[in-house]
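First to last, the protein sequences are chains A and B. Quick note, the first sequence lines up with residues 1 to 493 if you use the numbering used here. Quick note, the second sequence lines up with residues 1 to 117 if you use the numbering used here. See structure below.
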Amino acid sequence: MIAHHLPALQVVVPLLAAPLCVMLRGARAAWLIALGVSWAMFIVAGSLLARVLREGVISYALGSWEPPWGIEYRVDLLNAFVVVLVSLVGALVISYSRESVDHEVRREQHYLFYAAYLLCLAGLLGIAITGDAFNVFVFLEISSLSTYVLIALGRDRRALTASYQYLIMGTIGATFIVIGVGLLYLMTGTLNMHDLAQRLPAVEHTRPVLAALAFLTVGISLKLALFPLHLWLPNAYAFAPSVVTAFLAATATKVAVYLLLRFYFTVFGAPLVLGEMPLPEILLALSLAAMFAMSTVAIFQDDVKRMLAYSSVAQIGYITLGVSTGTAAGLTGTVVHLFNHGITKGSLFLLLGCMAMGMRRITLQHIRGIGRIMPLTTFGVVVGGLSLIGVPLTVGFVSKWYLVLGALERGWWWVAALILASSLLAVVYVWRIVEAAYFKAPGEQVAKLREAPLSMLVPAWVLVVATLYFGVDTRFTAGVAARVAELLLGGFR
Amino acid sequence: MTFTAHFNYWVAMALLTVGLYIVIARGNLVKKLVGLSIFQTSVYLLYISAGKIIGGTAPIIAEGLRVYSNPLPHVLILTAIVVGVATLALGLALVVRIKEAYGTIEEDEIHSQDEEP
Numbered sequence: 001m002i003a004h005h006l007p008a009l010q011v012v013v014p015l016l017a018a019p020l021c022v023m024l025r026g027a028r029a030a031w032l033i034a035l036g037v038s039w040a041m042f043i044v045a046g047s048l049l050a051r052v053l054r055e056g057v058i059s060y061a062l063g064s065w066e067p068p069w070g071i072e073y074r075v076d077l078l079n080a081f082v083v084v085l086v087s088l089v090g091a092l093v094i095s096y097s098r099e100s101v102d103h104e105v106r107r108e109q110h111y112l113f114y115a116a117y118l119l120c121l122a123g124l125l126g127i128a129i130t131g132d133a134f135n136v137f138v139f140l141e142i143s144s145l146s147t148y149v150l151i152a153l154g155r156d157r158r159a160l161t162a163s164y165q166y167l168i169m170g171t172i173g174a175t176f177i178v179i180g181v182g183l184l185y186l187m188t189g190t191l192n193m194h195d196l197a198q199r200l201p202a203v204e205h206t207r208p209v210l211a212a213l214a215f216l217t218v219g220i221s222l223k224l225a226l227f228p229l230h231l232w233l234p235n236a237y238a239f240a241p242s243v244v245t246a247f248l249a250a251t252a253t254k255v256a257v258y259l260l261l262r263f264y265f266t267v268f269g270a271p272l273v274l275g276e277m278p279l280p281e282i283l284l285a286l287s288l289a290a291m292f293a294m295s296t297v298a299i300f301q302d303d304v305k306r307m308l309a310y311s312s313v314a315q316i317g318y319i320t321l322g323v324s325t326g327t328a329a330g331l332t333g334t335v336v337h338l339f340n341h342g343i344t345k346g347s348l349f350l351l352l353g354c355m356a357m358g359m360r361r362i363t364l365q366h367i368r369g370i371g372r373i374m375p376l377t378t379f380g381v382v383v384g385g386l387s388l389i390g391v392p393l394t395v396g397f398v399s400k401w402y403l404v405l406g407a408l409e410r411g412w413w414w415v416a417a418l419i420l421a422s423s424l425l426a427v428v429y430v431w432r433i434v435e436a437a438y439f440k441a442p443g444e445q446v447a448k449l450r451e452a453p454l455s456m457l458v459p460a461w462v463l464v465v466a467t468l469y470f471g472v473d474t475r476f477t478a479g480v481a482a483r484v485a486e487l488l489l490g491g492f493r
Numbered sequence: 001m002t003f004t005a006h007f008n009y010w011v012a013m014a015l016l017t018v019g020l021y022i023v024i025a026r027g028n029l030v031k032k033l034v035g036l037s038i039f040q041t042s043v044y045l046l047y048i049s050a051g052k053i054i055g056g057t058a059p060i061i062a063e064g065l066r067v068y069s070n071p072l073p074h075v076l077i078l079t080a081i082v083v084g085v086a087t088l089a090l091g092l093a094l095v096v097r098i099k100e101a102y103g104t105i106e107e108d109e110i111h112s113q114d115e116e117p
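The structure is reproduced here in structure tokens:
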């Protein structure tokens, strides 16, 4: 009985738990609720993925209103994979969060912090799981509004301006998405994605449908921080509380990428988007620009959080590059890099959160010699950095391998060369961290630090170990990603 | 394809452009939010225009009523209005906090304060 309702539980449980946190008001109680819900959602997501692998697509009619009239939750391999990533990171981040939030957020705001976190989780899982185009917008705004609150809870006053800037850009993005969805509805009379996919071919060359494609592309690109629409991201990541940065970096942009894949391949279909429209060329140009320009900017950052935020924009360039190749290998690279970059950046920002326990800002000057004082934390950062570069035995290598294959399959040998060249830029900024952490004498400030508590190190290291494990054993990640890529190109219909 | 047949859509697009322009061109944080609101409102008009049929009534079953306006866009926009209000409220709350932290709500003054560490 309950197994049948798993797709709905994925959204309903965190949505109901959030007001519960507000009513109970206790900091510890709110944390326990968030912890329980997060792990429960991970178990639900895992069992959904297992069921999809076993039985194929799950269609759930919300409130028993039959699709396409009612809202349908449609779980296939792609969104089951995304839901597992989001809930896994959510569960680890919240296990880690207690000490870090105690340190960085005022105690009387804790219950609000956890309530906003739960709403954000509900929104992100909702975007991933729903099969209704307008429902996507509703969940998008649930997650976005709670994200603005979470960012604004940062210690620095610049967190407020970062949150405001994200609010403006995020709202423009979301409104563009509504316009796109509205135009699709005007032309087809349906909001169900599956139904849209069947009705669109009849009207696919009309101007409103092409305008809808354009609005959706720009709107979603704003949310996923595709260069040059990334302006909100560096400040938002740099000034948000560490826990929030880790959660957002690993999930929010990834869910937006999922949305792009969903609209491009399920709703519009690959032949229109990648065949007739000049989107591959546009995506390719922007992805390459992101990879080079943002990695170069990252090199010149002194604030480590900002450096990794710019590196995130560059890594999103790799993800969209895979889409632009339009080949099975390239798309496998995209999907696998969603997961791989998610766990890599998640681990990196959690470890920076460990460092932030002892210092207000994590700049290269502040972390001098920290490798000797906080060995476990610093070594984790190095492993994450190697994964950003794409060194073999880490997950970053697996992603880049598929992306290079995809580019070569398309005959773009120069793109393959550029992917490798941009990795060298990552070597430079990762080296700057390593140099400061291991080859400089610790200052007075750093010498007073201690290794972070186990309750923080363990969740962070689970992700670090995952970046190594999935870099060697790719059966799960690349296996699922390859099947997803096949489905995406096959039209999913 | 006459201008008058698409009058509502022209108005919606004009509001959309005006709103977006204000968001980009103004440096005052409250004025930016006003622009954002106008921008969002244009979308309400876009949806509602499509749902309205001239001479159509509310979708109720009654003697003599044959032409209905489509209720779905109205319901969708009701949701969008709620989202718009929430966004505006949160935006204004942030502006209040920014005013407390910086003592100004002009974008260039905030930036110049942040540049001196």
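Every residue gets a Cβ at the ideal spot worked out from N, C-alpha and C, and that includes glycine.
In the segment 234 to 306 of chain A, which residue ranges form an unbroken beta strand (DSSP E) of at least 3 residues, counting only runs that do not cross its ends? none
Can you give the Cα-Cα distance for B/LEU29 and B/THR41, rounded to whole angstroms? Translated into the one-based positions of the second sequence, residue 29 of chain B becomes position 29. Translated into the one-based positions of the second sequence, residue 41 of chain B becomes position 41. C-alpha separation (whole angstroms): 19 Å.
Taking A/TYR60 as part of the beta strand (DSSP E), name the residues at either end of that continuous run. Along the first sequence, read from residue 1 onward, the residue named residue 60 of chain A stands at position 60. Unbroken beta strand (DSSP E) run through A/TYR60: 58 to 61.
Give me the residue from A/PHE81, A/VAL267, A/LEU88 with the minimum Cα distance to A/PHE247. If you number the first sequence from 1, residue 247 of chain A lands on position 247. The residue with the shortest Cα to Cα distance from A/PHE247 is A/LEU88.
Check distances from the C-beta atoms of the segment 90 to 110 of chain B to those of chain A and list, in chain order, the residues that come in under 8 Å. LEU90, GLY91, LEU94, VAL95, ARG97, ILE98, ALA101, TYR102, ILE110
Residue nearest to A/PHE113 in terms of C-alpha spacing, selected from A/ILE129, A/LEU191, A/VAL22: Indexing the first sequence from 1 puts residue 113 of chain A at position 113. The shortest Cα separation from A/PHE113 among A/ILE129, A/LEU191, A/VAL22 belongs to A/VAL22.
Quick check on this structure: which residue in A/ARG98, A/PHE137, A/LEU150 has the alpha carbon closest to the alpha carbon of A/ALA116? Position 116 of the first sequence, counting from 1, holds the residue named residue 116 of chain A. Ranking A/ARG98, A/PHE137, A/LEU150 by Cα distance to A/ALA116 puts A/LEU150 first.
Kindly indicate which three-state DSSP category A/ARG74 falls into: helix, strand or coil? Reading the first sequence from its first residue, position 74 is the one you call residue 74 of chain A. In the structure shown, A/ARG74 sits in a strand (DSSP, three-state: E or B).
Would a check of beta-carbon distances place B/LYS32 closer than 8 Å to chain A? Here residue 32 of chain B refers to the residue found at position 32 of the second sequence. Judged by the 8 Å Cβ criterion, B/LYS32 is in contact with chain A.
Threshold first: 4 residues or longer. Then list the alpha helix (DSSP H) segments lying entirely within the segment 368 to 412 of chain A, N to C. 370 to 373, 375 to 389, 395 to 409
Is the shortest distance between the beta-carbon of A/TYR114 and the beta-carbons of chain B less than 8 Å? Here residue 114 of chain A refers to the residue found at position 114 of the first sequence. Not one chain B Cβ lies under 8 Å of A/TYR114.
Restricting to runs no shorter than 3 residues, where is the beta strand (DSSP E) found entirely within the segment 174 to 207 of chain A? none
DSSP three-state assignment for A/ARG493, whether helix, strand or coil: Residue mapping note: residue 493 of chain A aligns to position 493 of the first sequence, counting from 1. Any reading at A/ARG493 is ruled out, since the residue's pLDDT is 46, under 50, leaving its predicted position unreliable.
Does any CB atom of chain A fall closer than 8 Å to the CB of B/GLY86? Counting from one through the second sequence, the residue named residue 86 of chain B turns up at place 86. A quick correction: the sequence has Ala, not Gly, at residue 86 of chain B. Yes, B/ALA86 counts as interfacial toward chain A.
Are three or more beta carbon pairs between the segment 69 to 77 of chain B and the segment 35 to 54 of chain B nearer than 8 Å? yes
With a cut-off of 8 Å on the beta carbons, I'd call B/LEU15 and A/ILE168 a contact; round off their distance for me. As a position in the second sequence, residue 15 of chain B is number 15, starting the count at 1. As a position in the first sequence, residue 168 of chain A is number 168, starting the count at 1. Rounded, the Cβ-Cβ distance is 17 Å, inconsistent with contact.
Taking A/VAL178 as the query, report the chain B residues whose CB atoms sit under 7 Å from its CB, ordered along the chain. Taking the first residue of the first sequence as position 1, residue 178 of chain A is located at position 178. Those within 7 Å of A/VAL178 in chain B are VAL43, ALA80.
Residues of the segment 139 to 166 of chain A in Cβ contact with chain B at a cutoff of 8 Å, in chain order, please. GLU141, LEU145, TYR148, VAL149, ALA152, ARG157, ARG158, LEU160, THR161, SER163, TYR164
Let me confirm a value: A/ILE2 is counted as buried when at least 16 other C-beta atoms fall within 10 Å, else exposed. Which label applies? The residue given as residue 2 of chain A occupies position 2 in the first sequence. So A/ILE2 ends up on the exposed side.
Between the segment 126 to 134 of chain A and the segment 88 to 97 of chain A, can you find at least three pairs of beta-carbon atoms closer than 8 Å? no
Buried or exposed for A/PHE81, please, with buried defined as at least 16 other CB atoms from any protein chain shown within 10 angstroms of its CB. Taking the first sequence and counting its residues from 1, the one referred to as residue 81 of chain A is at position 81. Its Cβ being crowded by 16 or more others within 10 Å, A/PHE81 is buried.
How many angstroms separate the CA atom of A/PRO67 from the CA atom of A/LEU288? Taking the first residue of the first sequence as position 1, residue 67 of chain A is located at position 67. Taking the first residue of the first sequence as position 1, residue 288 of chain A is located at position 288. For A/PRO67 and A/LEU288, the distance between alpha carbons rounds to 40 Å.
Which residues in chain A sit within 7 Å of B/ALA50, going by Cβ to Cβ distance? As a first step, residue 50 of chain B is located in the second sequence; it is residue number 50 there, counting from the start. By Cβ distance, chain A contributes LEU186.
Between the C-alpha atoms of A/ALA328 and A/ALA481, what's the straight-line distance to the nearest angstrom? The residue labelled residue 328 of chain A in the question sits at position 328 within the first sequence. The residue labelled residue 481 of chain A in the question sits at position 481 within the first sequence. Each residue's Cα considered, the two are about 10 Å apart.
Opening and closing residue of the alpha helix (DSSP H) in which A/GLY36 lies: For this step, residue 36 of chain A is matched to residue 36 along the first sequence. From DSSP, the alpha helix (DSSP H) with A/GLY36 extends over 27 to 55.
Using a Cβ-Cβ cut-off of 8 Å, state whether B/LEU46 counts as contacting chain A. The sequence position of residue 46 of chain B within the second sequence is 46, counting from 1. By this cut-off, B/LEU46 is an interface position.
Beta-carbon proximity check, A/PHE470 vs A/VAL395, cutoff 8 Å: As a first step, residue 470 of chain A is located in the first sequence; it is residue number 470 there, counting from the start. As a first step, residue 395 of chain A is located in the first sequence; it is residue number 395 there, counting from the start. Taking 8 Å as the Cβ cut-off, A/PHE470 and A/VAL395 qualify as a contacting pair.
Can you check which of these residues, A/ILE299, A/TRP232, A/ALA426, is closest to A/TYR318 by C-alpha distance? Walking along the first sequence from the start, residue 318 of chain A turns up at place 318. Considering only alpha carbons, the answer is A/ALA426.
contact_flag[the segment 58 to 76 of chain A, the segment 304 to 323 of chain A] where n(CB pairs < 8 Å) is 3 or more: no
Let me confirm a value: A/LYS400 is counted as buried when at least 16 other C-beta atoms fall within 10 Å, else exposed. Which label applies? In the first sequence, the residue the question calls residue 400 of chain A occupies position 400. Buried, since its Cβ has 16 or more Cβ neighbours within 10 Å.
Using a Cβ-Cβ distance under 8 Å, would B/LEU76 count as near chain A? Here residue 76 of chain B is taken as the residue at index 76 of the second sequence, counted from 1. So, interface residue.
Return the residue from the list A/VAL138, A/ASN79, A/TYR148 that minimises the CA-CA distance to A/LYS254. Stepping through the first sequence from its first residue, residue 254 of chain A is reached at position 254. Residue A/ASN79 is the option with its Cα nearest to A/LYS254.
Assuming A/LEU376 contacts A/LEU348 (C-beta within less than 8 Å), just tell me the rounded distance between them. Reading the first sequence from its first residue, position 376 is the one you call residue 376 of chain A. Reading the first sequence from its first residue, position 348 is the one you call residue 348 of chain A. Their Cβ separation, rounded to whole angstroms, is 14 Å, which puts A/LEU376 and A/LEU348 out of contact at 8 Å.
Alpha helix (DSSP H) segment containing B/VAL82, residue limits: Here residue 82 of chain B is taken as the residue at index 82 of the second sequence, counted from 1. Per DSSP, B/VAL82 belongs to the alpha helix (DSSP H) from 71 to 102.
Quick check: is the beta carbon of B/LEU29 nearer than 8 Å to any beta carbon in chain D? Within the model displayed, chain D is absent; protein chains A and B are what it includes.
Three-way DSSP call (helix, strand, coil) for A/ASP132 in this model: One-based indexing of the first sequence puts residue 132 of chain A at position 132. A/ASP132: strand per DSSP, three-state reduction.
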